[in-house]
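> This is the structure I want to talk about, given as structure tokens.
In my numbering, the protein residues as written are 7 to 485.
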């Protein structure tokens, strides 16, 4: 482990960025974990409304960086944007301590805008730290992604205890402290990030910053309106897709020929990424229901709650596998044997296909009550974790390599938006997968689940093959 994280391999500022990303992810996971229950218990909202607000929250996290990335790159600079948005997130968490519905919507708006745009800007800063270090770039992003999941796992394990002992308000304050410490670490190490913040050679004048801060603040009432009317969350994604395509078209028209080729690759792999995120987003919905009703959840002498599979097993699998993947990428890149970007995405999509085929096969091995063994689900989640590691950190790493420095923020927002689009599209897959009959008996529902999971798995494998066949025709960029 000492050799693996040898400081001499990594640029100055890398480990402080790991610390910042880990703490912000832990603070985010605390809020994400309690959001639905908080709406139901504190405001007595119907479950359907609470889950709609949660859906709007997730959509907002992935949609806001499209506008925020443009603001950071063109008007404020990534460092100034990160500092400003961390302060917005802390402000939002403080507002959430006032337990009225109005304060809830306003606080959540501040938190979503602040957290999502700050993290997107931190990804850009991380990419710039690694711009001249191709042999460690993929491994470093995977290390960062693994550390963030460590933070999420720790927060999720502690959240229920924190709520029970200290209540919701104290949990909000704990999250705020994590963001404040992140800001402190950033300011203490700011000397490492000032040079890379200026790589795009854009001058961030005071008038530009006034316009940029005004634009950030204008996002807040839009967020409040979204949380007040969460039924329009899918429309918001559609609008952001149109805006995102407009940004991408503008980038392509202004780019020189070689850069245009890279933008085409960025568009193609992001489109395939949307399909991955569509299937992946079935975890907290369809797979959770499947585990709840159709799986024998006894592990040794302990019965595992269905909700823990997504909230705990997923980040745990990322932490375990992420460590192995980091070592693998560092060694492969050192010897220049790493697969090209499209092949990595093809492998990730293929693995998510195999995960669903495993679940489909499991329905044929159910017991007399229709319940399947928990080992099948653990195997599925390990495959999903491996698939995620072939897509998410690789996608974050590719942004700085496929886009011009002045457009990195916008491109990072577009890549994050692909996750939001996938989450929105998964809603329609959920509708055709969840059993609508009078009974939830596994003997009646296994057939539908097995059939749908098989369809999803085969579709993913087919797309993985298509992307593999396209790969030789795309430029070979080691990401």
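For each residue, glycine too, the CB sits at the ideal point set by N, CA and C.
Three-state secondary structure (DSSP) at residue 344?
Here residue 344 refers to the residue found at position 338 of the chain shown. In the structure shown, residue 344 sits in coil (DSSP, three-state: anything other than H, G, I, E or B).
> I think residue 253 touches residue 416, with their Cβ atoms under 8 angstroms apart; what is that distance to the nearest whole Å?
Here the question's residue 253 lines up with position 247 in the chain shown. Here the question's residue 416 lines up with position 410 in the chain shown. With 8 angstroms as the limit, residue 253 and residue 416 qualify as a contact, their Cβ atoms being about 5 angstroms apart.
> Taking the C-alpha atoms as reference points, what is the distance between residue 195 and residue 34?
On the chain shown, residue 195 is found 189 positions in, with the first residue counted as 1. On the chain shown, residue 34 is found 28 positions in, with the first residue counted as 1. Each residue's alpha carbon lies about 22 angstroms from the other.
> In this structure, what does DSSP give as the bridge partners for residue 379?
In the chain shown, counting from the first residue as 1, residue 379 sits at position 373. The partner list for residue 379 (beta bridge, DSSP) reads 302.
> Three or more C-beta pairs under 8 angstroms: does that hold for the region 45–65 against the region 237–245?
At 8 angstroms Cβ cutoff, the stretches touch.
> Just tell me which of 247, 76 and 285 has its CA closest to the CA of residue 217.
The residue labelled residue 217 in the question sits at position 211 within the chain shown. Measuring from the Cα of residue 217, the nearest candidate turns out to be 76.
> Given residue 96, which residues of its chain have a CB within under 8 angstroms of its CB, disregarding the five upstream and five downstream residues?
One-based indexing of the chain shown puts residue 96 at position 90. If we look at residue 96 and ignore the five residues flanking it on each side, its Cβ neighbours are 120, 182, 185, 186 and 189.
> What's the C-alpha gap between residue 430 and residue 143?
Stepping through the chain shown from its first residue, residue 430 is reached at position 424. Stepping through the chain shown from its first residue, residue 143 is reached at position 137. So the two alpha carbons sit approximately 31 angstroms from each other.
> Give every residue of the same chain whose Cβ lies closer than 8 angstroms to the Cβ of residue 250, excluding the five residues on either side of it in the sequence, and list them in chain order.
Looking up residue 250 in the chain shown gives position 244. Answer for residue 250: 72, 419, 420 and 423, listed in chain order.
> Assuming residue 301 and residue 436 make a contact with CB atoms under 8 angstroms, what is their CB distance in whole Å?
Residue 301 sits at position 295 when you count from the first residue of the chain shown. Residue 436 sits at position 430 when you count from the first residue of the chain shown. About 18 angstroms separates the two Cβ atoms, so there is no contact after all.
> Can residue 358 and residue 390 be called in contact, C-beta distance under 8 angstroms?
Here residue 358 refers to the residue found at position 352 of the chain shown. Here residue 390 refers to the residue found at position 384 of the chain shown. Cβ distance < 8 angstroms, so residue 358 and residue 390 count as in contact.
> Quick one: grab the DSSP three-state call for residue 83.
Locating residue 83 in the chain shown gives position 77, where the first residue counts as 1. In the structure shown, residue 83 sits in coil (DSSP, three-state: anything other than H, G, I, E or B).
> Quick check: what's the CA-CA separation for residue 114 versus residue 124?
Numbered from 1 along the chain shown, position 108 holds the residue referred to as residue 114. Numbered from 1 along the chain shown, position 118 holds the residue referred to as residue 124. Cα-Cα distance, rounded: 15 angstroms.
> Under 8 angstroms, with one C-beta from each stretch per pair, do the region 91–105 and the region 138–154 reach the 3-pair mark?
The answer is no - the region 138–154 does not touch the region 91–105, with fewer than three Cβ pairs under 8 angstroms.
> Does the pairing of the region 367–379 with the region 446–459 give three or more beta-carbon distances under 8 angstroms?
Counting Cβ pairs under 8 angstroms, three or more are found: they touch.
> Three-state secondary structure (DSSP) at residue 393?
Position 387 of the chain shown, counted from the first residue, corresponds to residue 393. If DSSP states are grouped into helix, strand and coil, residue 393 belongs with the helices.
> What separation, rounded to the nearest whole angstrom, lies between the Cα atoms of residue 232 and residue 479?
By 1-based counting over the chain shown, the position of residue 232 is 226. By 1-based counting over the chain shown, the position of residue 479 is 473. If I take the Cα positions, the gap works out to 42 angstroms.
> Return yes when the Cβ of residue 26 is within less than 8 angstroms of the Cβ of residue 102, no when it is not.
For this step, residue 102 is matched to residue 96 along the chain shown. For this step, residue 26 is matched to residue 20 along the chain shown. No.
> What is the DSSP secondary structure of residue 145, counted as helix, strand or coil?
As a position in the chain shown, residue 145 is number 139, starting the count at 1. Helix at residue 145.
> Do three or more CB pairs link the region 364–372 to the region 451–466 at distances below 8 angstroms?
Taking 8 angstroms as the limit for Cβ pairs, the verdict is that the region 451–466 does touch the region 364–372.
> Please name the residue, chosen from 329, 412, 336 and 271, that lies closest to residue 349 on a Cα-to-Cα basis.
Taking the chain shown and counting its residues from 1, one reaches residue 349 at position 343. Per the Cα distances, 271.
> From what residue to what residue does the alpha helix (DSSP H) around residue 256 run?
Start at 1 with the first residue of the chain shown, and residue 256 comes out as number 250. 239–260 is the span of the alpha helix (DSSP H), which, as asked, contains residue 256.
> Among 387, 413, 227 and 297, which one has its Cα closest to the Cα of residue 258?
The residue labelled residue 258 in the question sits at position 252 within the chain shown. Of 387, 413, 227 and 297, the residue nearest in Cα terms is 413.
> If you compare alpha carbons, which of 331, 100, 110 and 220 is closest to residue 394?
Position 388 of the chain shown, counted from the start, is the residue given in the question as residue 394. Taking only the C-alpha atoms, the option nearest residue 394 is 331.
> What residue from 411, 433 and 456 has the CA that sits closest to residue 134's CA?
Position 128 of the chain shown, counted from the first residue, corresponds to residue 134. Cα-wise, what sits closest to residue 134 is 411.
> Looking at the structure shown, is residue 401 part of a helix, part of a strand, or coil, going by DSSP?
Position 395 of the chain shown holds residue 401. Three-state DSSP puts residue 401 in a helix.
> Let me make sure I understand the geometry here. Which of 131, 337 and 384 has the alpha-carbon closest to that of residue 78?
Taking the first residue of the chain shown as 1, we reach residue 78 at position 72. For residue 78, the nearest C-alpha among the options comes from 131.
> Closest to residue 55 by CA distance: which of 160, 235, 223 and 118 is it?
Working through the chain shown from its first residue, we reach residue 55 at position 49. If we check each option's Cα against that of residue 55, 235 comes out closest.
> Note down the Cα distance separating residue 346 from residue 387, rounded to an integer number of angstroms.
Taking the first residue of the chain shown as position 1, residue 346 is located at position 340. Taking the first residue of the chain shown as position 1, residue 387 is located at position 381. Residue 346 and residue 387: Cα-Cα distance of roughly 25 angstroms.
> What are the boundary residues of the alpha helix (DSSP H) that includes residue 210?
Here residue 210 is taken as the residue at index 204 of the chain shown, counted from 1. Residue 210 -> no alpha helix (DSSP H), and no H or E assigned at all.
> Rounded to whole angstroms, how far is the Cβ of residue 162 from the Cβ of residue 318, which I believe are closer than 8 angstroms?
The sequence position of residue 162 within the chain shown is 156, counting from 1. The sequence position of residue 318 within the chain shown is 312, counting from 1. Contact holds; Cβ gap of about 6 angstroms.
> Please report the straight-line C-alpha distance between residue 328 and residue 338, rounded to a whole angstrom.
Within the chain shown, the letter at position 322 stands for residue 328. Within the chain shown, the letter at position 332 stands for residue 338. Spanning the two alpha carbons is a distance of roughly 15 angstroms.
> State the Cα-Cα distance for the pair residue 476 and residue 351, rounded to the nearest angstrom.
Against the chain shown, residue 476 aligns to sequence position 470. Against the chain shown, residue 351 aligns to sequence position 345. The alpha-carbon atoms of residue 476 and residue 351 are separated by roughly 12 angstroms.
> Where does residue 440 fall in DSSP's three states?
Mapped onto the chain shown, residue 440 falls at position 434. Residue 440 falls in the coil class under three-state DSSP.
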